[in-house]
Every structure is written in structure tokens, then in C-alpha cells.
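Novice: Here it is, the structure in full.
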Amino acid sequence: GEDVEQSLFLSVREGDSSVINCTYTDSSSTYLYWYKQEPGAGLQLLTYIFSNMDMKQDQRLTVLLNKKDKHLSLRIADTQTGDSAIYFCAERSGGYNKLIFGAGTRLAVHP
Amino acid sequence: DAMVIQNPRYQVTQFGKPVTLSCSQTLNHNVMYWYQQKSSQAPKLLFHYYDKDFNNEADTPDNFQSRRPNTSFCFLDIRSPGLGDAAMYLCATSRDLGQNNEQFFGPGTRLTVL
Chain A
1 GEDVEQSLFL
11 SVREGDSSVI
21 NCTYTDSSST
31 YLYWYKQEPG
41 AGLQLLTYIF
51 SNMDMKQDQR
61 LTVLLNKKDK
71 HLSLRIADTQ
81 TGDSAIYFCA
91 ERSGGYNKLI
101 FGAGTRLAVH
111 P
Chain B
112 DAMVIQNPRY
122 QVTQFGKPVT
132 LSCSQTLNHN
142 VMYWYQQKSS
152 QAPKLLFHYY
162 DKDFNNEADT
172 PDNFQSRRPN
182 TSFCFLDIRS
192 PGLGDAAMYL
202 CATSRDLGQN
212 NEQFFGPGTR
222 LTVL
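See the structure below:
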């Protein structure tokens with residue numbers, strides 16, 4: 001069945017890079033996404049990658065996709081306190097835009 | 112700004128007392144979704160509307176229903192809330208159902224069941 005897994009917590013120092021990892025099971029997923037959820041707010045799409053790509057870079061964000069291992073990662077360069085949030089990995093499943101989410105990784109940035 | 116609005120942000124109801132959560136959008140999107148997110152868990156799709164067509168996920172309990180009276184509004188009705196229905200309920204919209212139609216999320220309604 002469909003399943004997306006993430007580690008639940010990551011703590012980094014301000015200015016360091018953060019790497020959030022995710023594994024998924026549906027090999028037919030065409031798009032994979034990273035969403036950010038700040039306290040009291042909805043999910044905000046950060047970036048996505050199409051399944052025929054290995055890497056996508058967008059300013060401080062780098063997404064790496066290893067399709068063979070069904071592993072997705074999000075690297076945030078020069079992590080700031082404003083990056084503290086919960087980050088959700090999601091795969092698009094089925095023909096009707098259904099998103100399967102992981103449980104989220106809580107990123108804590110400390111001075 | 113075009114957006115997805117959810118009201119109320121916090122809702123308290125009693126065990127077994129019907130409750131309705133509201134979502135509206137100014138994006139004029141065809142598709143509206145309802146997700147349930149329990150504490151420290153992944154958001155889980157309950158159902159979606161494509162225009163007036165309702166699509167229920169196979170494992171969504173019968174206790175949950177939805178209405179979409181027009182393009183802008185979609186309601187989530189919980190007929191007899193149980194303690195296990197306490198969660199954040201997220202509404203989302205997308206322009207269409209095809210490849211990579213971004214879903215735009217509202218801020219959510221946190222439901223407490225006493």
C-alpha cells in the first residue's frame with residue numbers, strides 16, 4: 001500500500017544546513033512534494049520534484065530524489081530561526097491528485 | 112489576496128453532538144478537499160469534490176459527510192462526533208485534478224470533542 005515515512009524531529013544550529021529525509025512506497029508516484037507548516041497555519045507548498053529528476057534546487061532548498069531506493073530529501077542551506085516548522089513529505093498517488101503525507105518532521109533551529 | 116478560509120479556527124463540541132466545519136475559497140478552483148490531521152500524524156484525505164462530483168475515500172467513516180452548495184463553499188459535517196474525531200481538519204483546493212495541480216491549504220479548524 002501507499003506509505004510515506006519521515007523522522008519526527010530534527011534540531012540544527014542557526015547557519016548550519018538541515019537535511020530532512022523521507023521514504024515512500026509507491027513507485028508509480030509522478031510528483032513528490034515538500035510542504036511546510038508553521039504554528040497555527042495551514043500547509044504551504046515549498047517545492048516539488050518530478051519523478052524523472054534526480055535533483056532540484058530552489059534558492060536555499062535542494063531536493064534530492066533516489067527513485068531506486070524511493071528516498072527523498074530536503075536540504076535547507078543556512079538554516080534560520082524562521083525555518084523552524086514542521087516539514088511534510090508527500091507523494092501524489094492515483095489519477096485524481098490525491099496526496100499521501102508523511103507524519104512530518106519538526107525542525108527546531110537553535111542559536 | 113486569493114485564499115482558502117476556514118471557519119471557525121477552533122471548534123468545541125460535545126460527544127455525539129453534530130458539528131459543521133466551513134471552508135471557502137476565492138481562487139475559483141474546481142476541486143476542494145477535506146483532510147483530517149490527528150496529533151503528530153500525517154494529514155489524511157477524507158474526500159474531495161470535483162465541481163459537484165463527490166468522491167469519498169474508501170476508509171472515510173460514514174460519520175463524516177460533506178456538502179458543496181457552490182464553487183466557493185464546502186462544508187464538513189460530522190454527524191455524531193466521538194472522542195477519536197478530535198483533530199485538525201484541513202481544507203484544500205486545486206484548480207483541477209490533472210498532473211501536478213498544486214493544492215492550496217487553509218489554516219485548518221481544530222476540533223475538540225468533550
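So the sequences go chain by chain: A and B. For the first sequence, my numbering assigns the number 1 to the initial residue and increments by one for each residue that follows. For the second sequence, my numbering assigns the number 112 to the initial residue and increments by one for each residue that follows. Beta carbons are placed, not taken as given, at the ideal position from N, Cα and C, and that holds for glycine.
At a CB distance below 9 Å, what residues from the stretch 203 to 215 of chain B approach chain A? Give them in sequence order.
Specialist: 203, 205, 207, 208, 209, 210, 211, 212, 213, 214, 215
Novice: Restricting to Cα atoms, I'd like to know which of B:120, B:202, B:114, B:115 is closest to residue 221 of chain B.
Specialist: Position 110 of the second sequence, counting from 1, holds the residue named residue 221 of chain B. Nearest C-alpha to residue 221 of chain B: B:120.
Novice: Beta carbon of residue 90 of chain A, beta carbon of residue 33 of chain A: below 8 Å?
Specialist: For the purposes of this step, residue 90 of chain A is taken as residue 90 along the first sequence, with counting starting at 1. For the purposes of this step, residue 33 of chain A is taken as residue 33 along the first sequence, with counting starting at 1. Yes, they are a contact pair.
Novice: Among B:185, B:199, B:139, which residue has its Cα nearest to the Cα of residue 41 of chain A?
Specialist: For this step, residue 41 of chain A is matched to residue 41 along the first sequence. Nearest of B:185, B:199, B:139 to residue 41 of chain A, Cα basis: B:199.
Novice: Determine, using beta carbons only, whether residue 146 of chain B and residue 203 of chain B come nearer to each other than 8 Å.
Specialist: Here residue 146 of chain B is taken as the residue at index 35 of the second sequence, counted from 1. Here residue 203 of chain B is taken as the residue at index 92 of the second sequence, counted from 1. Their beta carbons are under 8 Å apart, which means residue 146 of chain B touches residue 203 of chain B by this criterion.
Novice: Looking only at its own chain, which residues have a Cβ that is under 7 Å from the Cβ of residue 53 of chain A, when we skip the five neighbours before and after it?
Specialist: Reading the first sequence from its first residue, position 53 is the one you call residue 53 of chain A. Excluding residues within five positions, the ones whose Cβ falls inside 7 Å are 65.
Novice: Have a look at the DSSP bridge pairing and note the partners of residue 110 of chain A.
Specialist: Position 110 of the first sequence, counted from the start, is the residue given in the question as residue 110 of chain A. For residue 110 of chain A, which the question treats as bridged, DSSP gives the partners A:13.
Novice: Provide the residue span of the beta strand (DSSP E) that contains residue 90 of chain A, from first to last.
Specialist: Indexing the first sequence from 1 puts residue 90 of chain A at position 90. It spans 85 to 93 - the beta strand (DSSP E) in which residue 90 of chain A sits, taken as one unbroken run.
Novice: Should residue 100 of chain A be listed as close to the ligand FMN, given that the test is whether its C-beta is under 7 Å from any heavy atom?
Specialist: Of ligands this structure carries none, so the ligand FMN is not represented either.
Novice: If the cut-off is 8 Å on Cβ atoms, which residues from the stretch 39 to 60 of chain A count as contacting chain C, listed in chain order?
Specialist: The structure shown contains no chain C; its protein chains are A and B.
Novice: Evaluate the contact criterion for the stretch 56 to 70 of chain A versus the stretch 4 to 12 of chain A: three or more CB pairs, one atom per stretch, below 8 Å.
Specialist: no
Novice: When you compare the CB positions of residue 105 of chain A and residue 29 of chain A, do they come within less than 8 Å of one another, or not?
Specialist: Indexing the first sequence from 1 puts residue 105 of chain A at position 105. Indexing the first sequence from 1 puts residue 29 of chain A at position 29. No, Cβ-Cβ distance for residue 105 of chain A and residue 29 of chain A is not below 8 Å.
Novice: Quick check on DSSP: helix, strand or coil for residue 194 of chain B?
Specialist: Mapped onto the second sequence, residue 194 of chain B falls at position 83. In this structure, residue 194 of chain B counts as helix in the three-state DSSP scheme.
Novice: Using a beta-carbon distance below 8 Å, is residue 153 of chain B in contact with chain A?
Specialist: As a position in the second sequence, residue 153 of chain B is number 42, starting the count at 1. At least one chain A Cβ lies under 8 Å of residue 153 of chain B.
Novice: I'd like the list of long-range same chain contacts for residue 223 of chain B, defined as Cβ closer than 8 Å, with 5 residues on each side in sequence excluded.
Specialist: Counted from its first residue, the second sequence places residue 223 of chain B at position 112. If we look at residue 223 of chain B and ignore the five residues flanking it on each side, its Cβ neighbours are 121, 122, 123, 124, 197.
Novice: When you compare the CB positions of residue 170 of chain B and residue 129 of chain B, do they come within less than 8 Å of one another, or not?
Specialist: Taking the second sequence and counting its residues from 1, the one referred to as residue 170 of chain B is at position 59. Taking the second sequence and counting its residues from 1, the one referred to as residue 129 of chain B is at position 18. It is not a contact, given that the beta carbons lie outside the stated cut-off.
Novice: Just to confirm the assignment: which complete alpha helix (DSSP H) runs, minimum length 4, are found wholly within the stretch 136 to 190 of chain B?
Specialist: Listed in chain order, the alpha helix (DSSP H) runs fully inside the stretch 136 to 190 of chain B amount to none, counting runs of at least 4 residues.
Novice: Could you pull the start and end residues of the beta strand (DSSP E) that residue 98 of chain A belongs to?
Specialist: Position 98 of the first sequence, counted from the start, is the residue given in the question as residue 98 of chain A. From DSSP, the beta strand (DSSP E) with residue 98 of chain A extends over 98 to 101.
Novice: Does any residue of chain A bring its CB to less than 8 Å from the CB of residue 222 of chain B?
Specialist: In the second sequence, the residue the question calls residue 222 of chain B occupies position 111. Closer than 8 Å: no.
Novice: Which parts of the stretch 24 to 95 of chain A are runs of the beta strand (DSSP E), unbroken and 3 residues or longer, counting only runs that do not cross its ends?
Specialist: Correct list: 31 to 37, 43 to 50, 55 to 58, 61 to 66, 71 to 76, 85 to 93.
Novice: Alpha carbon to alpha carbon, what distance is there between residue 194 of chain B and residue 139 of chain B?
Specialist: What you label residue 139 of chain B is simply residue 28 of the second sequence in a count that begins at 1. What you label residue 194 of chain B is simply residue 83 of the second sequence in a count that begins at 1. In a straight line, the C-alpha of residue 139 of chain B is about 35 Å away from that of residue 194 of chain B.
Novice: Would you list the residues sitting across from residue 117 of chain B in a DSSP beta bridge?
Specialist: Translated into positions along the second sequence, residue 117 of chain B becomes position 6. In DSSP, residue 117 of chain B forms a bridge with B:134.
Novice: Would you say residue 24 of chain A lies against chain B (beta-carbon separation less than 8 Å)?
Specialist: To locate residue 24 of chain A, count along the first sequence from 1; it is residue 24. Closer than 8 Å: no.
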